[in-house]
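In this note's numbering, the protein residues as written are 2 to 464. Every residue, glycine too, gets a C-beta built ideally from N, C-alpha and C. Values in this document were obtained by computation on a predicted structure and should not be read as measured data.
Rendered as structure tokens:
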């Protein structure tokens with residue numbers, strides 16, 4: 002048992018004793034007095050009743066110890082519902098009312114506020130924002146709605162009806178929040194909305210809210226993705242992995258106008274013929290914990306399907322898979338039995354500090370001819386740290402730079418990383434090159450490997 006749990010139990014025990022002992026003492030005193038003053042006239046049933054009262058009082062005390070103070074409805078900081086109680090409340094609301102809307106309001110700069118102004122001021126911001134949301138919606142005629150603090154700067158609200166009724170209110174709220182300040186602290190707010198037309202499962206609705214807000218923050222294009230029922234999507238992903246229903250596409254990568262290797266792209270096939278793309282299925286794979294199984298299926302499929310044994314095939318592999326013993330043993334077994342050469346392309350947003358272990362894994366794979374590339378260099382700090390510390394072979398620049406205008410504007414950055422890589426004996430790689438201007442500029446900078454629709458189209462790899 003953890004120390005906080007031990008201390009919590011001690012606290013409950015002392016509190017229950019303070020409440021229960023006076024009651025227990027009164028019962029004992031009453032029984033004792035009755036026995037002394039009316040001993041000759043007592044009926045035998047009195048003793049049975051007395052024992053029952055004592056047992057019930059003991060049960061009451063122990064109930065207080067273990068359960069009486071475990072239910073908490075409001076969050077100490079924000080005074081909104083706790084996450085546990087909010088989920089319980091919303092599940093009942095969704096079940097009873099069928100048409101129901103959830104709204105996510107996020108304080109985007111809460112981490113910066115905590116760092117700059119301190120945690121106490123961060124807590125104050127959370128409280129004030131919760132009050133501001135309630136006041137704003139009250140002015141719009143929306144009252145008595147459940148609101149809970151989910152995590153960090155995230156609040157979830159429950160509203161009766163479908164989202165069409167509230168979408169405009171949310172947009173105006175986010176616009177109005179540009180004026181929001183707590184004291185001298187500027188607060189940045191964003192929001193997302195979903196309803197039971199997406200799903201009646203609360204967990205799916207909450208996940209959809211967070212995915213929607215991330216897409217809005219990071220979206221560079223505004224194409225609308227077809228929304229799929231989350232239950233159906235999970236079933237499709239599981240079925241595709243179990244039955245190896247993959248479509249593997251490959252695109253040539255060039256060095257000095259010569260084709261040197263292929264990058265593989267994987268799509269999943271549903272039983273109804275629908276094709277699921279990585280940006281849709283990867284989040285499900287991560288949620289279900291199927292990353293290792295998926296990476297192994299992709300590796301097996303590529304090794305079995307690829308016929309050009311003199312070429313290298315680059316595969317995107319989750320770094321967490323690479324560091325997993327199950328993946329390590331099975332992948333090495335597959336590579337030992339195959340003549341196909343592969344390159345593992347790695348990317349992760351969070352830095353893995355045990356680089357000595359990471360390097361030992363990388364070098365153990367190099368014994369089987371595997372090469373390693375780090376993705377999204379010059380955009381993510383983790384990629385720079387891995388360039389500095391890992392025994393990799395290739396760096397790939399973030400696709401942000403895969404356009405002539407942005408590449409020219411940031412030329413000194415790319416040239417700097419290119420020089421750093423070459424000094425360590427590492428090649429550089431840029432993808433998504435779609436026009437001649439970008440291609441010529443990338444060559445002039447000295448990037449080793451170039452890839453994109455301008456040079457070659459995607460082709461399906463078939464057995």
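Pick helix, strand or coil for residue i, following the three-state DSSP scheme.
i, result
"residue 379", "coil"
"residue 79", "coil"
"residue 311", "coil"
"residue 124", "helix"
"residue 131", "helix"
"residue 317", "strand"
"residue 33", "helix"
"residue 372", "strand"
"residue 144", "coil"
"residue 459", "coil"
"residue 261", "strand"
"residue 246", "coil"
"residue 223", "Reliability fails at residue 223, whose pLDDT of 42 lies under 50, so the model's placement of it is uncertain and no value is given."
"residue 48", "helix"
"residue 454", "coil"
"residue 339", "coil"
"residue 11", "helix"
"residue 298", "helix"
"residue 20", "helix"
"residue 431", "strand"
"residue 107", "strand"
"residue 185", "coil"
"residue 84", "helix"
"residue 102", "strand"
"residue 251", "strand"
"residue 322", "helix"
Measure from the alpha carbon of residue i to the alpha carbon of each residue in the options, then state which is nearest.
i, options, result
"residue 124", "78, 118, 57, 372", "78"
"residue 280", "269, 274, 149", "269"
"residue 111", "97, 278, 190", "190"
"residue 1", "327, 143, 187", "An answer regarding residue 1 cannot be provided, because it is not within the stretch 2 to 464 covered by the chain."
"residue 379", "371, 306, 412", "412"
"residue 231", "293, 207, 36", "207"
"residue 363", "397, 93, 325, 351", "325"
"residue 249", "24, 205, 307, 339", "307"
"residue 151", "91, 316, 50", "91"
"residue 289", "205, 431, 409", "205"
"residue 387", "414, 357, 127", "357"
"residue 238", "210, 276, 83, 131", "276"
"residue 100", "272, 426, 201", "201"
"residue 274", "291, 305, 247", "247"
"residue 138", "460, 117, 172", "172"
"residue 179", "215, 391, 133", "133"
"residue 11", "38, 57, 63, 52", "63"
"residue 33", "48, 21, 58", "48"
"residue 402", "463, 459, 430", "430"
"residue 292", "37, 318, 390", "318"
"residue 503", "58, 305, 44", "Outside the displayed span of the chain (2 to 464) sits residue 503, for which this structure offers no information."
Is the distance from the Cβ of residue i to the Cβ of residue j below 8 Å?
i, j, result
"residue 375", "residue 393", "yes"
"residue 465", "residue 405", "In the structure displayed, the chain extends from 2 to 464; residue 465 sits before or after that span and is not available."
"residue 447", "residue 419", "yes"
"residue 369", "residue 336", "yes"
"residue 156", "residue 106", "yes"
"residue 320", "residue 347", "yes"
"residue 104", "residue 188", "no"
"residue 54", "residue 28", "yes"
"residue 397", "residue 367", "no"
"residue 233", "residue 285", "no"
"residue 312", "residue 262", "yes"
"residue 20", "residue 118", "no"
"residue 60", "residue 74", "no"
Can you give the beta carbon distance from residue i to residue j, rounded, assuming they're within the 8 Å contact cut?
i, j, result
"residue 267", "residue 299", "5 Å"
"residue 450", "residue 436", "That pair is no contact at about 18 Å."
"residue 314", "residue 265", "6 Å"
"residue 383", "residue 422", "Wrong, their Cβ atoms sit about 16 Å apart, outside the cutoff."
"residue 170", "residue 129", "Wrong, their Cβ atoms sit about 20 Å apart, outside the cutoff."
"residue 81", "residue 148", "5 Å"
"residue 164", "residue 102", "5 Å"
"residue 88", "residue 210", "At roughly 13 Å, the Cβ-Cβ gap does not stay under 8 Å, so residue 88 and residue 210 are not in contact."
"residue 192", "residue 94", "Wrong, their Cβ atoms sit about 20 Å apart, outside the cutoff."
"residue 252", "residue 443", "Not a contact, Cβ separation roughly 16 Å."
"residue 395", "residue 372", "7 Å"
"residue 303", "residue 316", "6 Å"
With three or more C-beta pairs closer than 8 Å as the rule, is the region 193 to 212 touching the region 111 to 122?
no
Inter-stretch contact (C-beta, 8 Å, three-pair minimum) for the region 236 to 252 and the region 292 to 306:
yes
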